[in-house]
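Enquirer: A single structure is presented below for examination.
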Amino acid sequence: MPELPEVETTRRGLAPHVIGKRIARVDVRERRLRWPVSPDLPRRLAGRRVERLDRRAKYLLFGTDDGTLLVHLGMSGSLCYLRADAPLKPHDHVDIRFDDGSLLRFNDPRRFGTLQLTSAPERHRLLRGLGPEPLGEDFTADYLQRAARGRRVTIKQLLMNGRVVVGVGNIYANEALYRAGIHPARPAGRVSRMKLERLVTAVRDVLSDAIGNGGTTLRNFVGGDGRPGYFRQALRVYERDGEPCRRCGARIRRMVLGQRATYYCPRCQR
Numbered sequence: 010m011p012e013l014p015e016v017e018t019t020r021r022g023l024a025p026h027v028i029g030k031r032i033a034r035v036d037v038r039e040r041r042l043r044w045p046v047s048p049d050l051p052r053r054l055a056g057r058r059v060e061r062l063d064r065r066a067k068y069l070l071f072g073t074d075d076g077t078l079l080v081h082l083g084m085s086g087s088l089c090y091l092r093a094d095a096p097l098k099p100h101d102h103v104d105i106r107f108d109d110g111s112l113l114r115f116n117d118p119r120r121f122g123t124l125q126l127t128s129a130p131e132r133h134r135l136l137r138g139l140g141p142e143p144l145g146e147d148f149t150a151d152y153l154q155r156a157a158r159g160r161r162v163t164i165k166q167l168l169m170n171g172r173v174v175v176g177v178g179n180i181y182a183n184e185a186l187y188r189a190g191i192h193p194a195r196p197a198g199r200v201s202r203m204k205l206e207r208l209v210t211a212v213r214d215v216l217s218d219a220i221g222n223g224g225t226t227l228r229n230f231v232g233g234d235g236r237p238g239y240f241r242q243a244l245r246v247y248e249r250d251g252e253p254c255r256r257c258g259a260r261i262r263r264m265v266l267g268q269r270a271t272y273y274c275p276r277c278q279r
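Residue numbering for the sequence shown follows this note's numbering, beginning at 10 and increasing consecutively.
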């Protein structure tokens, strides 16, 4: 699933190409996404100018001169900037065509993504109630300590709770906990303040590193320019079960927490 670094990579790649352009038309070939594309979306978007492109959690927000288009890439989606004559591929569900002939193409093999237009994104049901951004000023050790106080849920599951902090998906939760030296199954309320400080730093660092490398391509993620991300080569524990820890040499182990594959070093993470 595209996580925060992949979505941010897409945002940064697309912004210079789409901001300031006017939408000529929208071609919808498949409405049946996770939430169906509204039948009136093409009419409502036609003629609007893209004024900004933001990100909230794993959502792209195309701010226009009259409303905001929310785009979520789902589990397998991508959004690429292409020429007008770019040939269609399987699972190319939506084209947003601009008046200069270029287009944005939404591809989603599993159809778990969504495109929704709203006049008030901060109050939209998909965005309201979300936690702070992990790279923002509100995500601090003090905040995380308050969120974890008295909680028996594992620290990994707390970290992946979008109402606590957004965008820290499975790959990056594994990697951040490894960098911070925290066992992923430790109850959140029993993680020391010192380790929480290390965890906040680790989350920021691993996400920043991933963004700098264009995200992580495990199967089919590509950025807005159609290129894969290269952070996979820097992964220290994720999908490395049975391999030696790059820090101490112990074998990386795998277990399941909250129905998600979890990887850790039994010696480095306590």
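Ideal Cβ positions, reconstructed from N, Cα and C, are used throughout, including at glycine. Just so you know, these numbers come straight off a predicted model, no measurement behind them.
#1: Are there three or more Cβ pairs, one per stretch, closer than 8 Å when the segment 145-157 is compared with the segment 70-80?
#2: Could you tell me the distance, in whole angstroms, from the CA atom of phenylalanine 115 to the CA atom of isoleucine 28?
#3: Could you work out which residue in Arg21, Ile32 and Gly76 is closest to alanine 129 when comparing CA atoms only?
#4: Report the rounded CA-to-CA distance for valine 80 versus glycine 122, giving the unit in angstroms.
#5: Going by C-alpha distance, which of Asp218, Arg213, Gly22 and Asp250 is nearest leucine 113?
#6: Which residues share a DSSP beta bridge with arginine 58?
#7: Looking at valine 46 and leucine 136, is the spacing between their C-beta atoms short of 8 Å?
#8: At which residues does the alpha helix (DSSP H) containing arginine 207 begin and terminate?
#9: So what does DSSP say about histidine 102, is it helix, strand or coil?
#10: Applying the 10 Å Cβ sphere with the 16-neighbour rule, what's the burial state of lysine 165?
#11: Using a Cβ-Cβ cutoff of less than 8 Å, which residues in the same chain neighbour aspartate 117 once the five nearest sequence positions on both sides are dropped?
#12: Rank Gln268, Phe148 and His133 by C-alpha distance to the C-alpha of threonine 210 and give the top, closest one.
#13: Any idea if alanine 66 is buried or exposed, counting beta-carbon neighbours within 10 angstroms, 16 or more meaning buried?
#14: Can you name the residues that DSSP bridges to methionine 264?
#15: With a CB to CB cut of under 8 Å and the five nearest residues on each side skipped, what residues in its chain are close to cysteine 277?
#16: Within a Cβ cutoff of 8 Å, which residues of the same chain sit near glycine 159, ignoring the five residues on either side of it in sequence?
#17: Would DSSP call valine 177 helix, strand or coil?
#18: Assuming glutamine 125 is part of the beta strand (DSSP E), what are its boundary residues?
#19: Please state the DSSP three-state secondary structure of asparagine 116.
#20: In chain order, what residues of the same chain have a beta carbon less than 8 Å from the beta carbon of valine 215, not counting five sequence neighbours either side?
#21: Taking 7 Å as the limit between beta carbons, can you name the residues of its chain near glycine 233, skipping five residues before and five after?
Expert: A quick look at the data gives this:
#1: Result no; under three Cβ-Cβ pairs closer than 8 Å.
#2: As a working note, residue 115 is residue 106 in the sequence shown. As a working note, residue 28 is residue 19 in the sequence shown. In this model, phenylalanine 115 and isoleucine 28 are separated by some 17 Å (Cα to Cα).
#3: The residue given as residue 129 occupies position 120 in the sequence shown. Check the Cα spacing between alanine 129 and each of Arg21, Ile32 and Gly76: the tightest is with Gly76.
#4: Here the question's residue 80 lines up with position 71 in the sequence shown. Here the question's residue 122 lines up with position 113 in the sequence shown. Put simply, the backbone Cα of valine 80 is about 7 Å away from that of glycine 122.
#5: Locating residue 113 in the sequence shown gives position 104, where the first residue counts as 1. Looking at the Cα atoms, Gly22 is the closest of the given residues.
#6: Taking the sequence shown and counting its residues from 1, one reaches residue 58 at position 49. In the DSSP output, where bridge partners are listed per residue, arginine 58 has Arg31.
#7: Taking the sequence shown and counting its residues from 1, one reaches residue 136 at position 127. Taking the sequence shown and counting its residues from 1, one reaches residue 46 at position 37. The beta carbons of leucine 136 and valine 46 sit no closer together than 8 Å.
#8: Locating residue 207 in the sequence shown gives position 198, where the first residue counts as 1. Counting along the chain, arginine 207 sits inside the alpha helix (DSSP H) bounded by residues 202-221.
#9: Here residue 102 refers to the residue found at position 93 of the sequence shown. The three-state secondary structure of histidine 102, taken from DSSP, is strand.
#10: The count along the sequence shown starts at 1 and reaches residue 165 at position 156. By the beta-carbon neighbour count (other beta carbons within 10 angstroms, threshold 16), lysine 165 is buried.
#11: The residue you call residue 117 lines up with position 108 of the sequence shown. The residues are Leu42, Leu82, Gly83, Ser85, Gly86, Ser87, His100 and His102.
#12: Here residue 210 corresponds to residue number 201 of the sequence shown, with the count starting at 1. In this structure, Phe148 is the residue among Gln268, Phe148 and His133 with its C-alpha nearest to the C-alpha of threonine 210.
#13: Mapped onto the sequence shown, residue 66 falls at position 57. Per the 10 Å Cβ criterion, buried.
#14: Taking the first residue of the sequence shown as 1, we reach residue 264 at position 255. Methionine 264 pairs with Thr271.
#15: For this step, residue 277 is matched to residue 268 along the sequence shown. Short of 8 Å from the beta carbon of cysteine 277, and not among the five residues preceding or following it, lie these beta carbons of its own chain, in chain order: Tyr187, Gly190, Cys254, Arg256, Cys257 and Ala259.
#16: Numbered from its first residue, the sequence shown carries residue 159 at position 150. Here the set comprises Gly198.
#17: For the purposes of this step, residue 177 is taken as residue 168 along the sequence shown, with counting starting at 1. Valine 177 sits in coil when the DSSP states are folded into three classes, being neither helix nor strand.
#18: Walking along the sequence shown from the start, residue 125 turns up at place 116. From DSSP, the beta strand (DSSP E) with glutamine 125 extends over 123-127.
#19: Here the question's residue 116 lines up with position 107 in the sequence shown. Looking at asparagine 116 - three-state DSSP - the assignment turns out to be strand.
#20: Locating residue 215 in the sequence shown gives position 206, counting from the first residue. Counting only residues of its own chain and dropping the five nearest sequence neighbours on each side, valine 215 has a CB closer than 8 Å to the CB of Tyr181, Glu184, Ala185 and Arg188.
#21: The residue you call residue 233 lines up with position 224 of the sequence shown. Bear in mind that a pLDDT of 46 at glycine 233, under 50, signals an unreliable position, so the model cannot answer this.
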